[in-house]
Amino acid sequence: MAHDKIVVGVDIGSTKITVVAAQGAASGSRQNNIEILGFSEVPVPKGAVVNGAVENIKQVGTAVREALAEASSRSDLDIAVVNVSFGGTQVKVSQHNDGVIRPSASSGEEVTQRDVDQLVDDMYRAKIEPNYDVLHVLPMEFVVDNSMNVREPVGRTGIKLGGNFLIISANSQSILRTKKSLADADQNLKCDKMVFAPLATSLAVLNENETKAGIALIDIGDHTTDLVIYHDSIVRHIATFPIGGRHITNDLAIGCGIQVENAERLKREYGVAISADVPLNIEILVNFLAGRAPKQVLKKNVALIIEERLKEIAAMVYAEIIKSGYLDKLIGGLVLTGGSANIDEIEKLFEKVTNMSVRVGYPENLERTAKADAVSNSSYSTAIGLAWAGLRNIDPRVKSVCKPTTSFNTATVVQREKVKEVTKDEPGKKNGTFWDSFNSIIRKKDDGLSDY
C-alpha cells in the first residue's frame, strides 16, 4: 500500500529534545492537514544546549537517540532522515539585493519558475559574515526591469530579474555541532533540512489568512525570544532577543530564595502574568531543600516577579515592531508561543503593553486523533512545524533550490515492515539489520532538495 509522505521533525531546545513524526496527504480533503504518527520529549542536561546552540555533542546526541527511539516505537517507523531546528543568538539576519540578466529574455520569453529558483539559489552564495553559513534565503519583493515591488514575477516579461532578500545565516561551527550531535545519535541518520526554529513554528501555528493580513509571531524560548513579522504572506522582519523563560525562572529563584528547579515548577504550576488579579492571602508551599520545612511563598509575589519580566519582553518586542515599520500593518496582531506562552493571562499582559490583539498559538491543521491531542500544545509547535517544512515551502513562490548547508539527504522515512515468520535460514548467514534491508531498497529522492 502506498503511503503519503512521512516527515520527522527534531526540535533541539535548551531544555529538551522534541520529536514529531507526521504524515501528509498529497491530495483530497486532507491535503491541508497532517496526521501525527509518533512523538516524544526527552530532557537534555543543563548546559548541553545554550542559547539555542549545541555545546555538548555527546549529551545532545544521547537525548536525540532516546527521543527518536521513543517516537519510532510509538509510530512503528524506522527513522532514517529528519528535519532539525536551529536557532538562538548565533543566528544573524541581513537584507541583500541582487539581480541577473536573463539569457532567454532577448527572445521575448516570460520569467519562469526556474528563473526565480535560480536567482534564489544564487543568493546562497552571497557574501556574508566570515564563518557563517546561509540557512535560508527569503525573497520579499522582486524587480523585473523597471518594475519595482513585484510580488509574483513568473509570467512577466523583462531582461533583468532581481529581488530584495532576507538572508538568515548561522555560525558554521554551531551548524557543525548540530550535525555531529545527529551523527552521534545514529551514524546513519540523515538531515534533510535545517530550519530556523521560529520559521518552523510559524508553519505550525499561523494560518494563511493571518500571514496575508499581517501578523507577528513571538516565540518565547528558554534563553531567547524570537520575533517574526509576516505581511502579505511574506516574511518581512526577523529579530532575536537574548531574554526568555529562563530569565523568569532565575528571577523567581532569587526573589523567592529557592532553587532554580523549584522556581521552574513554581512558574509552570502557579505562574500568572497579571499580579492585580491575584489575591494577597494565597500562599504556596515550596519544598526547596530535603529535610527542611516547606517554604511559604505568596502567589502575589510570584505574579509580581513574572509580570515585570514579561513586561520587559513585551516592551522589547513592541519597540522592534515599531522599528520594523509594520506596526500599522499587523491586522492579525500578535501570536505568542513557546513554553512561557502557557503562563496564565499572558495574552492580557501583552495586550496591555502593545495595545494589539493577542492570542496564544497552538498547532493547527492536525487530523484529530489521540496522538494529535497529546501534541496540541506549544511544546510541540516547532517539531510539528519541522514536519510541515518537509511538506510545503516556507515561501510558495520558490519551488526548488539546492542550498549547500543542508543538501545532503539521500534517504526517506519508511514504515517498518512487520516481522515475517522465517521457516529456514541459510547456513552461516546472519539475519540482516534494518540498515541492511534499508540499503537494499531503491531510495527515492524527495521532489524538493530543501526549502529556503
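Per the working numbering, residue 3 is the first one in the sequence shown, and the count goes up by one each step.
Backbone N, C-alpha and C fix where the C-beta goes; we use that ideal spot for every residue, glycine too.
| query | result |
| --- | --- |
| For L306, which of G293, I276, L291 has the nearest alpha-carbon? | I276 |
| Give me, in chain order, the residues of the same chain whose beta-carbon lies closer than 6 Å to that of N58; leave out the 5 immediate sequence neighbours on both sides. | A50 |
| Pick out whichever of I36, E111, D13 has its Cα sitting closest to the Cα of A69. | D13 |
| For L205, which three-state DSSP category applies? | helix |
| Quick check on DSSP: helix, strand or coil for I165? | Note that residue 165 is Gly in the sequence shown here, rather than Ile. Of the three classes helix, strand and coil, the one that applies to G165 here is strand, per DSSP. |
| Touch check for the region 384–401 and the region 199–210: three-plus C-beta pairs under 8 Å? | yes |
| Mind checking whether L168 and V145 have CB atoms under 9 Å apart? | no |
| Checking 9 Å against the spacing of the C-beta atoms, do K18 and L393 come in under that value? | no |
| Please identify the residue among G90, P141, Q92, I348 whose C-alpha is closest to the C-alpha of G101. | P141 |
| Could you check how far apart the C-beta atoms of T227 and I315 are, in whole angstroms? I think they sit under 8 Å. | 6 Å |
| Rounded to the nearest angstrom, what separates V9 and I236 at their Cα positions? | 24 Å |
| Should G11 go down as buried or exposed, given a rule of 16 or more other Cβ atoms within 10 Å for buried? | buried |
| Between the region 293–300 and the region 253–263, can you find at least three pairs of beta-carbon atoms closer than 8 Å? | yes |
| In whole angstroms, give me the CA-to-CA distance for L287 and R294. | 12 Å |
| Using the rule of at least 16 other Cβ atoms within 10 Å of the residue's Cβ for burial, across every protein chain shown, is R311 buried or exposed? | buried |
| Between the alpha carbons of I36 and S378, how many angstroms are there, rounded? | 13 Å |
| Kindly identify the DSSP beta-bridge partner or partners of D221. | D228, T339 |
| From the DSSP output, which residues share a beta bridge with S171? | K94, V136 |
| N264: buried (16+ other C-beta within 10 angstroms of its C-beta) or exposed? | buried |
| Return the chain-ordered list of same chain residues with a C-beta closer than 7 Å to the C-beta of E309, the five sequence neighbours on each side being excluded. | A275, I276, S277, L351 |
| Out of curiosity, what's the CA-to-CA distance linking S183 and G363? | 29 Å |
| Between which two residues does the alpha helix (DSSP H) carrying E212 extend? | 210–215 |
| Taking three-plus beta-carbon pairs below 8 Å as touching, is the region 315–334 in contact with the region 178–196? | no |
| Give every residue of the same chain whose Cβ lies closer than 6 Å to the Cβ of P45, excluding the five residues on either side of it in the sequence, and list them in chain order. | K18 |
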